[in-house]
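Below is one structure, written out as structure tokens, with a few remarks after it.
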Amino acid sequence: MKVIRLSKSCISKKEKNAVIKVLNKGFLGMGPVVKKFEAKLSKFFSRKVVCLNSGTAALHVALQASGISKNDEVIVPSLTYVASYQAISATGAKPVACDIDLENLHMCPHDLKKKITKKTKAIMPVHLTGSADNLDKIYLIAKKYKLRIIEDAAHAFGTIYKKRKIGSFGDISCFSFDGIKNITSGEGGCIVTNDKRVFNKSRDIRLLGITNDSEKRYLGHRSWISDVKDQGWRYHMSDINASIGLAQLQKYNLLSKKRKKICKIYDKEFKDNKYIKIFKKNYKDISPHIYIVRIVNLKKRDLLRKKLSLKGIQTGIHYFPNYKYRKFKDTPKKFPNTEKIFKQILSLPMHPDMTLKQIKFISRELKSLIYKNDL
Ligand SMILES: Cc1ncc(COP(=O)(O)O)c(C=O)c1O
12 MKVIRLSKSC ISKKEKNAVI KVLNKGFLGM GPVVKKFEAK LSKFFSRKVV
62 CLNSGTAALH VALQASGISK NDEVIVPSLT YVASYQAISA TGAKPVACDI
112 DLENLHMCPH DLKKKITKKT KAIMPVHLTG SADNLDKIYL IAKKYKLRII
162 EDAAHAFGTI YKKRKIGSFG DISCFSFDGI KNITSGEGGC IVTNDKRVFN
212 KSRDIRLLGI TNDSEKRYLG HRSWISDVKD QGWRYHMSDI NASIGLAQLQ
262 KYNLLSKKRK KICKIYDKEF KDNKYIKIFK KNYKDISPHI YIVRIVNLKK
312 RDLLRKKLSL KGIQTGIHYF PNYKYRKFKD TPKKFPNTEK IFKQILSLPM
362 HPDMTLKQIK FISRELKSLI YKNDL
């Protein structure tokens, strides 16, 4: 049985040839290809860009470069990949979980206000699935309390929010280019900002804190005699990864179009369904990364997942509430919306290589399993 994967890297000859070109040059580290990828991304966002070896590294460095450290608190939604939490705790700060909005699974502005303390230094909204609902309200709250915003935009590459591209406005936005994201560089990520200080600091932090080494690396050199002022990490992107990213960036419109189309077909299939609820999204503007439905009036979401798996359909749950992890433990009672929605969410396969036949098959199987009495 051929399994329909939940997500997948969509790679063609273009990416393969680009990697071979770098391999043939015999210079695989951070060099001119990273510089070119950063320049193209900078044009895409009309802002400064720093490339790193993962989205997690981008978040960690952006937080550190913003001065977040021990004894600080950063507010982050309960429903996100643990990368958001680990990036915050890597700076020594405490991630403070915030409940989500049932309408869109994003940070609840009402609960956000309740979570602000004297120790709060920043807010990290997460653009779960690719949309950025409530972002205006979150920026207003940040302005009122003078807090920084580090957007976890790992899922939202290419999304338009109120006529502007995510990353092209606001404080700091961090993207991920891991294998299954809207565009991939194999592994990778970037920080997008207009804050010169954050930009310069981030460039040093990613290269073990060595000051002003980036420009030399772009030319295939490095600093032999230099200074190190701050804690740094070995987080820079390599030319191999940047070459994949550049090839993907050229295909971005096509990849995004395919993702949007899949979501729209699913939406139509589940429209007005009594048991399968969709999240209403405007796919004209949103570049979707994940497709989530809510399975309501059914207690056995996990059994449904097992049955779909027997039919060769992979599904997922985005995500396990972070306050349930031992490291980030908090009282579930404080998160009524997350507690409710976590039992219902189900992610369906969504990636540009899917065929119409597969989408129809998944929709049919899901609907038929739900209407069978044994569920
Ligand atoms: C919401 C979110 N934040 C951050 C990350 C981290 O990105 P990366 O895997 O590139 O480190 C991911 C990756 O899946 C993510 O989904």
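In terms of our numbering, the sequence shown opens at residue 12 and continues consecutively.
All residues carry an ideal CB built from backbone N, CA and C; glycine is no exception.
If you count every other CB in all the chains shown that lies within 10 Å of the CB of residue i, and 16 or more means buried, which is it?
i	result
Met365	buried
Pro88	buried
Asp144	buried
Lys291	exposed
His247	buried
Asn293	exposed
Ser80	exposed
Tyr172	buried
Lys27	exposed
Tyr382	exposed
Thr140	buried
Pro347	exposed
Lys59	buried
Glu162	buried
Arg159	buried
Would you check whether ligand 1 has a heavy atom nearer than 7 Å to the C-beta of residue i?
i	result
Gly141	no
Val137	yes
Asp250	no
Ala94	yes
Thr349	no
Asp189	yes
Leu309	no
Thr91	yes
Thr366	no
Thr67	yes
Ala165	yes
Gly197	no
Gly200	yes
Leu70	yes
With residue i and residue j assumed to form a contact (beta carbons below 8 Å), what rounded beta-carbon distance in angstroms separates them?
i	j	result
Tyr336	Leu309	Going by Cβ atoms, the distance from Tyr336 to Leu309 rounds to 26 Å, so no, they are not a contact pair.
Ser387	Gly200	Outside the displayed span of the chain (12 to 386) sits residue 387, for which this structure offers no information.
Ala73	Ile202	5 Å
Gly42	Arg228	6 Å
Ser142	Thr102	27 Å between Cβ atoms; not a contact.
Gln369	Arg305	The pair is not a contact, with the Cβ atoms about 22 Å apart (cut-off 8 Å).
Ile191	Ser184	Ile191 to Ser184, Cβ: 19 Å. No contact.
Leu380	Leu319	7 Å
Ala164	Phe339	Their Cβ separation, rounded to whole angstroms, is 21 Å, which puts Ala164 and Phe339 out of contact at 8 Å.
Ile86	Met135	7 Å
Please report how far the alpha carbon of residue i lies from the alpha carbon of residue j, in whole angstroms.
i	j	result
Asn331	Gln242	Residue identity differs from the one stated: residue 331 is Phe in this sequence, not Asn. Roughly 31 Å separates the two Cα atoms.
Lys47	Ser196	13 Å
Lys272	Phe281	15 Å
Phe168	Ile236	38 Å
Lys25	Ala258	6 Å
His166	Thr349	20 Å
Pro343	Ile352	13 Å
Trp244	Lys124	33 Å
Thr131	Phe38	43 Å
Phe210	Tyr92	25 Å
Lys54	Ala29	21 Å
Leu359	Lys311	16 Å
Asp278	Glu198	30 Å
Pick out the complete beta strand (DSSP E) segments inside the segment 269-349, 3 residues or longer, and give them in chain order.
287-289, 302-306
I'd like the ranges of any beta strand (DSSP E) spanning at least 3 consecutive residues and lying wholly in the segment 169-219.
183-187, 200-204
Could you give the uninterrupted runs of the beta strand (DSSP E) lying entirely in the segment 90-169, keeping only those of 3 residues or more?
105-109, 131-134, 159-163
Which complete alpha helix (DSSP H) runs does the segment 27-63 hold, if anything under 4 residues is left out?
43-56
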